[in-house]
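Reviewing the structure listed below.
In my numbering, the protein residues as written are 78 to 495.
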């Protein structure tokens with residue numbers, strides 16, 4: 078059988094590699110456009126740049142999503158409609174990426190139709206069932222549509238997936254259920270995350286007593302390790318709810334704290350420039366006077382508080398103070414021992430300030446030079462709303478331009494008595 082050989086002319090032979098090269102260049106060009114658009118989109122904040130990236134890579138869902146995010150921020154009706162179109166385009170180009178479904182659902186819920194948004198959000202949850210933000214968005218959508226039972230189930234699963242959502246979730250349910258925290262716990266479960274979040278929301282609503290009761294049901298470890306516990310404590314302090322703050326600290330394991338009691342009265346424990354809690358001794362920042370612990374001079378225990386004044390003016394001196402939880406409408410007597418070789422007279426005293434009103438309730442006499450330990454005492458009475466007082470070392474303002482305080486002072490054995 079004869080074999081026929083087909084020969085290509087030289088022009089055809091030359092065209093094939095050229096065609097291959099052109100195809101490769103085109104593929105490289107389009108891939109490069111996609112890559113540039115993909116890399117640049119993360120830093121896009123201007124509309125015109127985002128539009129250029131969409132032009133360069135019209136089949137890249139990320140560019141459409143980025144442009145949609147920017148258009149959404151303009152809040153004009155035309156841009157919001159255009160934003161939804163680009164979100165939808167991103168979904169069409171990448172139908173298995175939950176992020177694009179989620180963004181489309183959230184935007185549709187805000188600016189279009191809740192029922193339509195529900196479909197998109199359900200798709201996001203289907204693609205990423207363990208992603209908290211998707212369930213959180215769907216739960217909010219269902220709640221607004223009145224599908225309460227299913228909504229709360231989604232919100233509960235969102236909390237389980239991401240503990241940081243708990244406060245926002247409880248806040249939403251708080252409004253929906255008109256502040257009925259028993260129902261909130263019934264709906265989302267009596268977990269530690271739910272209780273911590275609920276106590277935070279109760280406190281923000283001014284219901285500090287209930288906030289403490291909900292928080293107090295937690296275990297010791299849950300109380301100590303949660304950041305929300307610290308936030309709740311700081312809330313009580315900022316609102317001057319000192320009784321609640323002290324109860325919290327005691328429940329978190331600080332059994333040395335107590336009402337109507339000066340903490341570390343003989344300075345046997347370390348004193349820090351910034352106390353670990355508001356009921357510790359606190360020393361303000363500064364260089365003068367030098368403040369430390371002295372073991373050579375003590376009235377009670379193993380050491381005393383020592384202060385060395387090197388001639389600085391009273392206005393430039395740092396001070397030491399402690400906040401003490403007390404009862405309202407109660408008479409107290411403050412006692413302590415001191416010794417000093419101060420060269421300046423009538424310059425230093427202790428004052429008692431109402432921590433709730435900043436009003437001075439009492440003060441001691443000036444410290445007088447004494448080579449031996451002397452007892453100092455003074456009386457004061459708290460007011461109707463007093464929950465705590467601040468015991469603070471104070472300095473008399475200078476009567477003349479060139480006055481200063483020089484010498485040493487020791488303090489020991491502070492007591493507060495009724």
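Think of the CB as a built atom: it goes at the ideal place given N, C-alpha and C, for glycine as much as any other residue.
| Query | Result |
| --- | --- |
| To the nearest whole angstrom, what separates the beta carbons of residue 329 and residue 289, a pair I think is in contact under 8 Å? | No, residue 329 and residue 289 are not in contact; Cβ-Cβ is about 12 Å, not under 8 Å. |
| Determine the closest residue to residue 302 out of 340, 154, 273, with distance taken between C-alpha atoms. | 273 |
| At what residue ranges does the region 411-455 contain a whole run of the beta strand (DSSP E), taking only runs of 3 or more? | 425-431, 437-440 |
| May I have the straight-line CA-CA distance separating residue 243 from residue 236, to the nearest angstrom? | 5 Å |
| Would you tell me roughly how many angstroms separate the C-alpha atoms of residue 312 and residue 306, rounded to the nearest one? | 10 Å |
| Skipping 5 residues on each side, what residues in its chain have a beta carbon closer than 7 Å to that of residue 231? | 212, 215, 216, 219 |
| Less than 8 Å separating the beta-carbons of residue 401 and residue 339? | yes |
| Residue 321 bridges to which residues according to DSSP? | In DSSP, residue 321 forms no bridge with anything. |
| Between which residues of its own chain and residue 280 is the CB-CB distance below 7 Å, once the five residues before and five after are set aside? | 288, 309, 312 |
| Between residue 419 and residue 482, is the Cβ-Cβ spacing less than 8 Å? | yes |
| What are the boundary residues of the beta strand (DSSP E) that includes residue 397? | 397-402 |
| Given a cut-off of 8 Å on the beta-carbon distance, is the pair residue 142 and residue 173 in contact? | no |
| What does a CB cutoff of less than 6 Å around residue 421 pick up in its chain, not counting 5 residues either side in sequence? | 482 |
| Which runs of the alpha helix (DSSP H) fall wholly inside the region 260-334 and span at least 4 residues, in chain order? | 269-281, 285-292, 297-302, 304-315, 319-328 |
| Would the beta-carbon of residue 524 fall within 8 Å of that of residue 180? | Because the chain here runs from 78 to 495, residue 524 falls outside it and cannot be looked at. |
| Would you check if the distance between the CB atom of residue 410 and the CB atom of residue 456 is smaller than 8 Å? | yes |
| Should residue 186 go down as buried or exposed, given a rule of 16 or more other Cβ atoms within 10 Å for buried? | buried |
| Ends of the alpha helix (DSSP H) at residue 486? | Residue 486 -> not in any alpha helix (DSSP H); beta strand (DSSP E) instead, spanning 483-494. |
| I need the boundaries of the beta strand (DSSP E) containing residue 387, first residue and last residue. | 381-387 |
| Between which residues of its own chain and residue 432 is the CB-CB distance below 8 Å, once the five residues before and five after are set aside? | 317, 319, 400, 463, 464, 465, 466, 467 |
| Between residue 136 and residue 253, what straight-line distance do the alpha-carbon atoms span, to the nearest angstrom? | 42 Å |
| By a C-beta neighbour count over all protein chains shown, 10 Å radius and 16 as the cutoff for buried, is residue 278 buried or exposed? | buried |
| Assuming residue 415 and residue 487 make a contact with CB atoms under 8 Å, what is their CB distance in whole Å? | 6 Å |
| Count the other CB atoms within 10 Å of the CB of residue 489; is the residue buried (16 or more) or exposed (fewer)? | buried |
| Between which two residues does the beta strand (DSSP E) carrying residue 369 extend? | 367-371 |
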